[in-house]
Structures are given as C-alpha cells and as structure tokens.
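Residue numbers (UniProt numbering), protein chains in the order written: chain A, 1 to 410; chain B, 1 to 410; chain C, 1 to 337; chain D, 1 to 337.
Quick reminder that beta carbons are idealized off the backbone N, C-alpha and C, glycines included.
Have a look at the structure below before the remarks.
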Amino acid sequence: MNDVAPLSLYVPEPEFRPGDEPDFSGVKIPQAGSVRRPEIDVDPEEIHDLAYSIIRVMNREGEAVGPWAGYLDDDEALKGLRDMMTVRAYDARMLTAQRQGKTSFYMLSLGEEAIACAFQRALSPGDMNFPTYRQQGLLITAGYPILDMMNQVYSNSKDPVAGRQLPVMYTSKKHGFFTISGNLATQFVQAVGWAMASAIRGDTKIAAGWIGDGSTAESDFHAALVFASTYRAPVVLNIVNNQWAISTYQGIARGRAATFAARGLGFGLPSLRVDGNDYLAVYAVAKWAVERARRGHGPTLIEYVTYRVGPHSTSDDPSAYRPQKESDAWPLGDPVERLKNYLIRKGVWSEERHAQAKAQIESEIAQLQKEAEKNGTLHSGPKPPPRRMFEDVYKEMPLHLVRQRQEAGV
Amino acid sequence: MNDVAPLSLYVPEPEFRPGDEPDFSGVKIPQAGSVRRPEIDVDPEEIHDLAYSIIRVMNREGEAVGPWAGYLDDDEALKGLRDMMTVRAYDARMLTAQRQGKTSFYMLSLGEEAIACAFQRALSPGDMNFPTYRQQGLLITAGYPILDMMNQVYSNSKDPVAGRQLPVMYTSKKHGFFTISGNLATQFVQAVGWAMASAIRGDTKIAAGWIGDGSTAESDFHAALVFASTYRAPVVLNIVNNQWAISTYQGIARGRAATFAARGLGFGLPSLRVDGNDYLAVYAVAKWAVERARRGHGPTLIEYVTYRVGPHSTSDDPSAYRPQKESDAWPLGDPVERLKNYLIRKGVWSEERHAQAKAQIESEIAQLQKEAEKNGTLHSGPKPPPRRMFEDVYKEMPLHLVRQRQEAGV
Amino acid sequence: MARMTMIEAIRSAMDVCMERDERVVVYGEDVGYFGGVFRCTQGLQKKYGKHRCFDSPINESGIVGTAIGMAVYGLRPCVEIQFADYMYPAYDQLTQEAARIRYRSNNDFTVPMTVRMPTGGGIFGGQTHSQSPEALFAHVCGLKTVIPSNPYDAKGLLIAAIEDDDPVIFLEPKRLYNGPFDGHYDQPVTPWKKHPLGEVPDGHYVEPLGKAAIRREGEDVTVLAYGTMVHVAEAAAKETGVDAEIIDLRTIVPLDFEAIEASVRKTGRCVIVHEATRTCGFGAELMAVVQEGCFYHLEAPVIRVTGWDTPYPHAHEWTYFPGPARVGAALKKVMEG
Amino acid sequence: MARMTMIEAIRSAMDVCMERDERVVVYGEDVGYFGGVFRCTQGLQKKYGKHRCFDSPINESGIVGTAIGMAVYGLRPCVEIQFADYMYPAYDQLTQEAARIRYRSNNDFTVPMTVRMPTGGGIFGGQTHSQSPEALFAHVCGLKTVIPSNPYDAKGLLIAAIEDDDPVIFLEPKRLYNGPFDGHYDQPVTPWKKHPLGEVPDGHYVEPLGKAAIRREGEDVTVLAYGTMVHVAEAAAKETGVDAEIIDLRTIVPLDFEAIEASVRKTGRCVIVHEATRTCGFGAELMAVVQEGCFYHLEAPVIRVTGWDTPYPHAHEWTYFPGPARVGAALKKVMEG
Ligand SMILES: Cc1ncc(C[n+]2csc(CCOP(=O)(O)OP(=O)(O)O)c2C)c(N)n1
Ligand SMILES: Cc1ncc(C[n+]2csc(CCOP(=O)(O)OP(=O)(O)O)c2C)c(N)n1
Ligand SMILES: [Mg+2]
Ligand SMILES: [Mg+2]
C-alpha cells in the first residue's frame, strides 16, 4: 500500500459565503411544462427521473404550461394569492412584535408561502398535517383564526395552549394541524402512523408529513420512509428544501445525492421534485400525491425547491454565514409575485387590486394584533393562570403533581 | 369523496409459510458473468443498475466467468475454502455445546460463510470491521485464535472479555474486529466515524460496517448513510441480506423497494448487489469497494444476497414460521459446495482432499474445544474473578464502585 | 378463572381488549405471524387479522412513532419492544413526544398508547437482554410506568394500561414469565399454576394504575419492591424471619404515596429493592419519598438493595442480581440500625 | 489571565486542546463556519481547518455515533449537541454504546469522547430548549457527567473532560453563558467580567473531574447544587441570612461523596437544589447519598427544591424555575425542622 495517497476528509461547502457575489446561473432549472405527468397509479420504479428534475408550471411570461397546468381555476388561484399574502403580512407583524420585545421568539416562512398554502388546498376536511414550524400557511389556508395564532405567539391569557409552548408551536385538530414539536423530524413518522391508522380503520383520510431539508438527516426520516414503504401508508411526505438549516447549507444533509427527492427511490416511493415557489405546480403535484394516497396507491415523497429568505428564527442572523443578496439571486423568484403576475396576465387581477388587497390584509392583521394584545403579551398584561402549568401532564392530575401545585402555591 | 373506496392496511407476507412447498423459480437470478464491472472511480449515478442486479462469478458448471472473475488465485481460493470450512465446523461445535447446556446462547452463520470470509481477505492489516453477531468468518479469516473465541462463548476463566458479554460478542482490535454490540445497527454509523477519523488523520486505513437485512430498518442505518455520503468517508457498508430477521422476512424491512442495495441510490453511493454465496464474487466486489475507499473515492454500499440456513439463534425455532425445506430450495446454493466444485473443476482440489480437510478441521476444533473447556464453561469449572465485573466500567474505579464492590464482597 | 402463566395472562389482556375494542392494535418486531419472541401475542394475528396484529420493521423509534400517530388518530395501539434494552432508539419518541402531546396541545391531541417491554435479568441474557430502565421513564413527566409481579396483576394492569388515556410503559419482568422466581437460581421454580396469583379471570377486569398491593403484612420493616424483587423479598422475609411488610408498588408513576407512607410510619424502617443499577435508580426516588414523608418515624437508615452500577455481566449474573441473601442481609441490618 | 464569559472560556478550552493535541476534533450542528448557535466554537474552523472543526448533518445519533467511531480510532472528539433537549435521538449511542465499549471489550476499545450540550432554562426557550437531563446520564454507568457553574471551572473541567479517557457528558448551563444568573430575573445580571470566577488563565489547566467545590462555608445547613442553582443558592443564603454551606458538585458522576458527607455531618441539615423535574431527578440520588452516609447526623428532613414534574412552560418560566425565593424558603424550613 505504499502507493496509496493519504486520505483526507471531504467537507462540503456552500458556493457562496458573506462577501461573495452569489451567482446561481449554474443551477439547472428545467423549463416550465417540460416534466411529464404520470398517472397517479404509476409504478414508482418508472418515474425515477422525476426525482432529479423540477416540475414547474408557470413560465417566465406568467403562463401556465405543460401537463401539470390546468388543475386550478382562477377563483382558487385568487384565494391562493390571498392566503400567501395573509401569511406574509402575519409573519411581518409577528416579527416586529418579537423585535419589540412582545414575545420571545418568532419564525417566518418568507419566500416559502406557496408550499403550505397550495398544499392545504389539495387536502380534504379530516386529513391531517404533521407540520414543522414553518407551515403557518397550512393553518391560515385552513381558516384557523389568526387571532388565536397571535394569542399563542404572545403566550397570553387566551393562548390556546395555555402559555405552555414556545411561539409558533400551534395546534388544531379541527384544522388538520398536528401540534408542532420542537424536536425535529419526530412528526414525520407520526404522520405515517396516523395514515396507517386510517388504513387500518378503512377510512378515506390521508396524512401529510412535513420536514425541512436539514432535518431529512434525522433518523426519524428513515423510520418514516421504512414504515410508509412497507405498509403503503396513505401519506404524503413533504420535504421543504429551503436551502438552509440555520447556518448549514443543504449540501451537509444531502451529501453526495443529487436531490432530496432521490432519497425516496431506495424505498420504492414515487419521488417528485417541484418548484416550491410556483403555487400552481405545488398545487398540481400535491393533488397528484393526495389522490394517489387516497385511492390506495400509497405514499409519495415530494421535495419542494425553495429558499428561506428570512433568518432561521428571530434568534438568528444569516448575514454571518451567507451573502446578504443571496435571496435576490435565487433563481426561482418570489411565490407571491409569480402568482400575482400569472393572474394579472390572465386578466383576473391587476397591480391596483393587488396593492389594495395588500393594504386591506395588512390592516386586518394589524387590527387583530391589537385585539390579541388586549389578551396580553409575553411580558405584560393578562397571562394564562399559572395552575394551568400543572394540568394536562396527565388526563387526571396524580397526587405528586397535586402536592407540587400546592407547594408552588398556584 | 363519496366515490373513494375505504383504505386498507397492506402488510407484506413471505411467499411461503410452514406447510407450503417453497418454490423460488420466480426469483430472478442473473447469469454469472452478466453484470458489468465499472472502474473504481465511477460516478455512482452511472451505475444505478448494479443495485438491481446480482453480481455473480461462478456459473453452474463451477467456472469463474465475466468481468468480476479472475481476482483471486487458486491458493487464495483454497485458503478461502479452508476458512469457510473452519467457520462451519466451529459453528457446529458451539451449537452442540450450547445444546448440551455448556453455555447460554449461540449464533450460527451457516450458509453465509462466504461473505465474511471473502470480505476479510479483501482488507489490509489495520483496517477495521464493525461487525454484527454473524461475522465470525472475519475473525477466523483474520487468524484470531479459535480457542479465545471458545473461551468467550463459555464465559470462562480465560474469556477475553472477562465473562461480561453474551456468547459470540467477540472483540479484537488487533484483528480489525470491533467489539460486537447487542444493539442492532449502532455499529454501522460508528464504522463511518472511524473511517472519517482515518481521513481526518491522513491515514490510508479504511473501515467496514456490517448490518443485516432486518436491521437496515433501524435509524442508525440512515445516520450511517448520511454521514458517509456527506463526508465521503472511506468505508464499505455491507448489508447481509439473509432473507430473515428472526421470524420476520426481508420484505418487512425492504418494503416496496426492489432491493436493499437500492437504499444507497438516494445518497449518491455506488450500490452493488452480489451473490453472497459465491466466494469469488464476494471477494471481487469487496476488493472493488475497498480499493475505491482506499483511493479516496468514498463509500460503497453492498448488498450480499444469501440465506440464513440455521435458526436465528439457539433461542429460535424457525420451523414455526418458515417451511423446513426452504433453505434447500434457496436458489443460490451452498457457498462451501460451490467453491469446492470450482476448485475441483480447476483441478486444484478433489472430493477426497475435501473430505480429508473436513475431518482434519473438525478434529482440530474438537481438540480446541477440549482445551477451552479446561478453562471452564458457563455453569461449571473456573470462571473469571467476580471482581472483574466492577472493573473497566471506567478507566479508574470511582469511589461508588469501590464501595459497591466491597458491599458485594468480591 | 384459569391458571395462567404471566405470558398467557398478558396475551389474554390483549385478546380481551382487541375483542372489546376495534381500536386496539398490536404490533412490534416478530409480533405478528410468530407471536413474539416470548410468544405474548401468539394467535392474535390469526384471530384479529393482519391489520390489527402485525410484524414491524426493526425500528423502535418507528414503532413508537407510528403508534403515537395511530393513537392521535384515535386508535389504542399496544406495541411491543422486544427487550427493554432496545427501547433506547425510541426514547425520543417516548419521552419528548408521547409524554408531551397532551400537554403541549392543551388536550387537543392525546396518546392513549401502551408500550410493552420485557425487563430485568436472571435469564443469562447479558448486558443487552437484562436491563431495568424504569427510572428513565419515571423521571419523565407525562408517562405512566407499570411493572407487574404476577399473572393476575399483569392482566388487570395491562387492560388498565390499554384503556388508559395516557401513554403507559408496561414493563414485564421476563424472569417471571413462567413462574414466581424468588432469586434461588439453583432451585427449580414453582410454575404459576401453583401460585394463587396464577389464578386469572377469563374476561375483562381492571387493576387500577397507581395502587400498590401489600403482599405480606408485617410490623418490623417495610420493603418497597416491584416485579421480580417482590418474590425475592418474600423469600428473604421468610428465610430471615424478619416480620417485613412487603409492598408491591405495581405502578411506579403514579406512585401510591399513601401506601408507602402509612407502612413506613408504622414500621419505622424501610428497605428498598430493585434490580436496576443503583445510582439514580427508582430506589433513589423512593429514598426521597420515604425521607420526605416519614423522616420523624424512621428508626434506622433506609437501605437500598439494587443491581450494581455496572452492566449486567453474563458470567456473574447472580453476583449482580439482588437475590434473597442480599435482601435478607439488608433486612437484618435495618433491624439493627 | 483574562476576564471571560463562560462561552469564551469553553471556546478557550477547545482551542487549547486542539492546539496541543491534533487528535482533538470538534463538530456538531452549525458548529463549523458559523461557530455554533451559542458561538462556543467561533473561530476554531478558521484556525484549525475544516477537517478538525466542521458542520454536521442534523442527526444527533450520527454525531455521537461517528464520534464514538473516531474515538475508537484514536481521536478525541469533542462534539456539540445544540441543546440538551435534542440529545434524545443520541441516547442509545451515548448510553448503550459510548458508556459500554470499554467494559464490553475489556479495554480493547475505549471512547475518549466529550459531548457538550447547553442545559437548563431561564431563557424563555420553552419545553424543548430548557431541559436538564443530567439524571438520565447519572443513572447510566460508564458515563461521567460534568456541570460547571462558572467560566473558570468550565474551562478547567472541559479540558479535563477532553483529556479524560472515558466518555464525558458536559452540560453547559446556558443561562450562565453570559453572567452568574442568580434567579432574580427582574434584575440585571452582572457580567462574568465582574465576578472573580470570570478570571480565566489563558493556557492549559485542569480542574479534576469528581471534585466538588465549596462556594460558601457555613455551619447551619449544607446546600447541594450545581450549575445555575449554585448562584441561586448563594443569593438565597444571602437574602435569608441562613449560614449555609454551599457545595457546587461540578461533577455528578463521579460524585464527591467525601465533600458531601463531611459537610452534612457538620451541619446536620441539607437542602438539595436542581432545575430538572423532581421525580427521579439527581436530587433523589443526593437524598439517598445523604441519608445513607449521614442518617444519624440529620436533624431535619432533607429538602429538595427542584423544577416541577411538568414540562418547562414558556409563559410560566419563573414559576417553574427554582429561584431564590423557593430556595430561601427551604433554607428557613430546614432550620425549623
Ligand atoms: C432533534 C433536534 N435537533 C436540533 C434542533 C435545532 N434546530 C432547530 S431548527 C434546525 C434547522 C432545521 O433546518 P431545516 O430542517 O432545513 O428546516 P428549516 O428551518 O430550514 O425550515 C435545527 C438544527 C432541533 N430543534 N431538534
Ligand atoms: C435495537 C435492537 N432491536 C431489536 C433487537 C432484537 N434482535 C436481535 S437480532 C434481530 C434480528 C436482526 O435481523 P437481521 O438484521 O436481518 O440480521 P440476521 O439476524 O438475519 O443476521 C432482532 C430483532 C436488537 N438486538 N436490537
Ligand atoms: Mg431548511
Ligand atoms: Mg437477516
């Protein structure tokens, strides 16, 4: 072995770091309309190519083209635009509220709104999402009261989770939104279990799991794929690839694979990759996978290609690890702008109506915020009663907790 | 959704259960010599097909054919035969010893001997295996004293691990054999870490991880593939697909995927599938992967297709869950017989010499067993000193353990 | 009424629950066709179908994670971890998910799930088939932890666990599966058939979680034990002649404080016995509970008799195991104190 | 000598070790380019290269599992788990692998690995950024567990941990990163700059594992604490005027039995303080240790002041946190007992 050169550790690095001029011209973006649309009962082994491409519907001119186009009518698309604008306005407000010290923490979905908003529209009542902390779009699209979201973010007296949880950790069974966990990836396999239960009971409901690019590295991602593959659970497994996991670029989780969607191939799962900033494409692909699951053809893995425009959370400062202009250079554009342009081109929307709608949504949100703040904010005003912290650890409070509650004097 | 049929849970089942007549004629076995052999620095994305085939070298006539043939000379092949025969004889003896109550537990590698024995020959001194409990062939091929293996199995006074471990939980750094764990899959990612360390230090040593078909479902399998893929660690990741995980057939772990090798595709790893009962094929593939790792081209995933002929362990009775004749029907034959026939055909071996060698090996093993039993067996004769149970929990015994040892009076 | 082993009693509990409630599903490694490596689920797949009793992939996090999802859906999964020693990959799902979902969602979602696992040593299983990890569950709020010591309790408690609306860890002392082992490893074990607590009603009954049972009334010293150690304590009391009051805790969370406190206040002395390693074992908590509740009644230091702070050694199983000799010595010592 | 925050002290420890020993490598989530979410590893990648300090995928089991492999190879990995609350996926590798490899291989393989993780609450991190899981490590033989309470100790103990030949869990009370927080959340925290234990030597020094430090000598009652609670106890002693002897355990396994026993025998009273949930917390073990070693010296029941047996609630952080008022009340109560 004398001729063997010393090994060295390969450590992947993002192309651009602060100070660099980001240039994504090397990233291959397939033309809108260029990726085929198989039948929903296709044999997964026949569509490996879909894991290595990007399904896109809206072209640069704002037209919807190709086999994945035509799944959404104008009214629905207009609703979608409104959903995204609402999410964005809500995020902006809550970010400011956190910066003003009204709560401890907040997480934006800026730039990723299309994914959750369009996906939710593809579901039916009774279906269940197992989301991460960046899918507020699911809740808002499902019609969950924004006031309650704010109450949760403020941990105030009307907080639906009684002040127990960090901001953004929403829950609403009624709206098909499973209680968010702070621990990454755990929900992905729970989604599979929920879907298995639906199949066990001969139900027609399906589940959707959500995970970030970075979190696909977690082991529960594997557990989810194994169980989904083995029992052909009626579940849609969504990977939101927003390029970053806090300060860590997606290459650290992805490794040598070309895409995250490819992870599904070794499980015999249909694995699709879609332009996450293209509302129409997200909807069409989501609908395909939802139908596939509901008709008994089993799970689908979807990678949404997008970009995390904001910081990871309010505790984060991305300028320390990526070029400030990187999000502008990002080639897939802004989901709100793109859907807006599509609708304008179709003649059902206009810049004016958009500006109007934006102003109106923002003022609604501002109004709601005022209302929410009447119920208190984290550090001032009414709070949930402290004894609530001893409740619901168990259905009935055991003696040791009764004693502790007494000791705490609450 | 009124037109939607109720879902139902799909639960995979093996084709044959006790009472059925096993018939594997439907299993596709590619012809020996029919699978291409890429260069060791091939781009993994170009060899996806190798994950769905079976690399085989010896044909039915006992000839070595095709691009993977010719990597082993006759002397080496003869050594290989002896290794496998030794493993088999050793296993048989220890099984009997357990049945006689001389120890608590034993695990055979019957039918799978080619894999570990041939793999070890592809390694160089200093390389490190992270084995499971069914790779005794690695140790025996590496020249570890069989007497010490027996002492371990008996937990006797000369047990190299001081009576601390269940039988077959060997360890030998010197022989490149990492201490076996009772917890499945943990070692797979440790192998990757070891390989990363070698790369970090600019060493030329490589690691090999081992896992069973059933255990690929464990989450640490994923952790291993993620880290191996990201850091391009010099590691060979071996999946021994012996069709069964205790009573559970491989379809429960594999799910909807066509093969276990396919699991590697989504990580951008070269993923090869090989006839695990073909010593020459195992060697050739192992050598390919070992060279690839050592030359800095990173990890390889290999699935060895074989069959667990014996029970899972001495605690198991396979007749309760699979047809008794299933192993006879298994289409890849017996690894010892196949290599023997190859060598006979080549004119370097004969039935007589084989019978002679077998008798000689068996008597050597019997002799060693007698010696080992002088050192004690689990329930009789000399034992390791009881105070050893308090040692090596830490490098230096902390006060609480000193006190406990005194309390125990040992 | 029938005489049953603990395995049969456990199987009967699942059978009764599956029969009464379609939402009960049972799965785990080798649990389906084969019926589990200890045969606790034998016959259930045949009786209730593959969709209600099936083999799982070998992924404990996946078993518990999917069970959580099922429970959230509205089922009542009762899953098996093949050995308690292999629950660690599921520890995140158990402690950070199952245990927290009711609380964090303010009752919006709940996890009525039971996780069965064989526990404890005495079968020459070595360090990875002998562990007693109950303290690792007891420290985690939101979980209940049950450890039966006989077939009657095993069935009644397992039914209670499956019917409970919170996640329950159900630890089965594998050394008791076939008989009331008292630590005399060199003597034949009486089968459950000959033990009164081997009498098990056929149908549905419930032993409430959180209630201890007094196995032997006594005046001299209180012994706190659970699982296999109950029988060891009985043997030790008999052999030493110390008039011990032996309390079988049965459920360690919730704990029966009243039973413990009443007994120790009466006897003024206490010996705590468990098989798990000592440091920070559940015996430590019991020490604290006794001290907090009965300090002024204590006439001697409380003594812990436990497994040592080492892995469970294969060859020296009986040096590790807190057998009747060690418990007996503690009984005598506490009487001198 | 320089004045340092705890973050700087921890960074300096790694820097010193990486400088002296090429086998020391540092990695974890966001640890490389960015320098960690708490910035403990800032600058190390630049100084020592990407192969010695790098970002890892988000997989705690993978982080610890690969670190075990590296340690077995002969390196001395010092890895970071971003929050102790996220160590659960690695619990199997930590407790069943790292902790067992020396023993099960009879010294053939060893795991000189350090696993750093921020612990404890007080930063409005909610239930998944506030946990104190030290008891879950203490119960597992084969692991050492360290919890420093100040920059001086943090550096000396971390160097000792990295140089130790056994796996060490190094818990960093995140509420102390920037100053000696004493629980008065409504008052500004003095920076470490103004605290004598913020004085940290520049180069190499070691604080031995397993030795407690007496933070305040006293005659009335012994307070056993570690991490943040040391400062809370100091505040409580000051405010109540109780002449408490405050022992900073620093390492909970191995434990400094002599220091504990000597002090309690002197004072005859004891208060135990920790932030973790109560049941089966490390306080339970301390209760047992005190009772076993000092029963005849105790003049009053030992009192535990701890976090409640609930998740750490976001809005009611300060009701959960065992602050100076609760500790002070315990000091007074134990004096009455
Ligand atoms: C088990 C676990 N490990 C680490 C963390 C800390 N953490 C929170 S978010 C995050 C990054 C996740 O990135 P990604 O999955 O890409 O999702 P994104 O934030 O981009 O939406 C990390 C490491 C955690 N919450 N849970
Ligand atoms: C974490 C863990 N879970 C479960 C077990 C119990 N167990 C031991 S071997 C085994 C089957 C493994 O099957 P496979 O990986 O196919 O390997 P084989 O025995 O066929 O070589 C199981 C479930 C274990 N040892 N560790
Ligand atoms: Mg991301
Ligand atoms: Mg197998």
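Proximity of chain D to Gly-281(C) at the Cβ level (cut-off 7 angstroms) is accounted for by His-139, in chain order. By the criterion of a C-beta distance shorter than 6 angstroms, Leu-224(C) is surrounded in its chain by Ile-247, Ile-272 and Leu-286, once the five residues flanking it on both sides are discounted.
One thing to note: Asp-85(D) has its Cβ no nearer than 8 angstroms to the Cβ of His-139(D). The Cβ-Cβ distance between Tyr-342(B) and Ala-64(B) falls below 8 angstroms. If you draw a straight line from the Cα of Ser-247(A) to the Cα of Arg-304(D), it is about 41 angstroms long. A residue is called buried when at least 16 other Cβ atoms come within 10 angstroms of its Cβ; Asp-75(A) does not meet this threshold and is exposed.
Contact with chain B is absent for Met-85(A), since none of that chain's Cβ atoms lies less than 8 angstroms from the residue's Cβ.
Near ligand 2, meaning a Cβ closer than 5 angstroms to any of its heavy atoms, lie the following residues in chain order: Arg-134(B), Asn-183(B), Leu-184(B), Gly-212(B), Asp-213(B), Gly-214(B), Ser-215(B), Asn-242(B), Ala-245(B), Ile-246(B), Glu-29(C), Ile-58(C), Gln-82(C) and Tyr-86(C). When distances are taken from the beta-carbon of Arg-254(B) to the heavy atoms of ligand 4, even the shortest one reaches 7 angstroms or more.
Of the heavy atoms belonging to ligand 4, at least one sits nearer than 7 angstroms to the Cβ of Arg-308(B).
Taking C-beta separations shorter than 8 angstroms and ignoring five residues to either side along the sequence, the partners of Glu-239(D) in its chain run Pro-324 and Gly-328, following chain order.
The three-state reading of DSSP puts Asn-241(A) in strand, counting E and B together. Non-local C-beta neighbours of Ser-319(A) in its own chain, meaning closer than 8 angstroms and more than five positions away in sequence, comprise Pro-18, ordered along the chain. Residues of chain D whose Cβ lies closer than 9 angstroms to the Cβ of Val-302(C) are, in chain order, Ala-288, Gln-291, Glu-292 and Phe-295. When distances are taken from the beta-carbon of His-222(B) to the heavy atoms of ligand 1, even the shortest one reaches 7 angstroms or more. Within the segment 226 to 239 of chain C, contact with chain B at the beta-carbon level (separation under 8 angstroms) is assigned to no residue. By the neighbour-count criterion, in which a residue is buried when 16 or more other Cβ atoms sit within 10 angstroms of its Cβ, Glu-21(B) is exposed.
Burial is judged here by how many other beta carbons sit within 10 angstroms of a residue's own beta carbon; Leu-339(A) has at least 16 and is buried. Contact between Leu-301(B) and Ala-261(B) holds, with the beta-carbon distance rounding to 6 angstroms and staying under 8 angstroms. Of the candidates Leu-123(B), Ile-200(B), Ser-53(B) and Gly-111(B), the residue whose Cα lies closest to the Cα of Ala-207(B) is Leu-123(B).
Taken atom to atom, the span from the alpha-carbon of Ala-154(C) to that of Met-6(C) is near 7 angstroms. The Cβ of Pro-77(C) sits no closer than 8 angstroms to any Cβ of chain B. Around the C-beta of Gly-241(C), fewer than 16 other C-beta atoms lie within 10 Å, and the residue is accordingly described as exposed.
Counted as a single uninterrupted DSSP element, the beta strand (DSSP E) harbouring Trp-210(B) occupies residues 207 to 212. 8 angstroms or more divides the Cβ of Asp-108(C) from the Cβ of Thr-186(A). Identification of chain A residues near Thr-230(B) by a Cβ-Cβ cut-off of 7 angstroms yields Pro-12, Ile-252 and Gly-255, ordered along the chain. Scanning its chain for C-beta atoms nearer than 6 angstroms, with the 5 sequence neighbours on each side dropped, one finds around Ser-271(A) the residues Ala-51, Ala-261, Gly-264, Leu-265 and Leu-301, in chain order. Within chain C, the residues placing a beta-carbon under 8 angstroms from that of Tyr-88(D) are Tyr-91, Asp-92, Thr-95 and Gln-96, ordered along the chain. Judged by their CB atoms, Met-117(C) and Met-87(C) are nearer to each other than the 8 angstroms cut-off.
Residue environment analysis places Gln-131(D) among the buried positions, since at least 16 neighbouring C-beta atoms fall within 10 angstroms of its C-beta. Less than 8 angstroms divides the Cβ of Ala-258(B) from the Cβ of Glu-45(A). In this structure, the beta-carbon distance from Arg-216(C) to Ala-237(C) falls below 8 angstroms. Distances from the alpha-carbon of Gly-268(B) to those of Tyr-90(B), Arg-37(B) and His-48(B) put His-48(B) closest.
For Ala-135(C), the neighbours in chain D by C-beta distance under 7 angstroms run, in chain order, His-139 and Cys-280. By the Cβ test, the segment 272 to 279 of chain B is in contact with the segment 51 to 60 of chain B, since at least three Cβ pairs between them sit closer than 8 angstroms. Of the other Cβ atoms in all chains shown, 16 or more fall within 10 Å of the Cβ of Pro-148(C); this residue is therefore buried.
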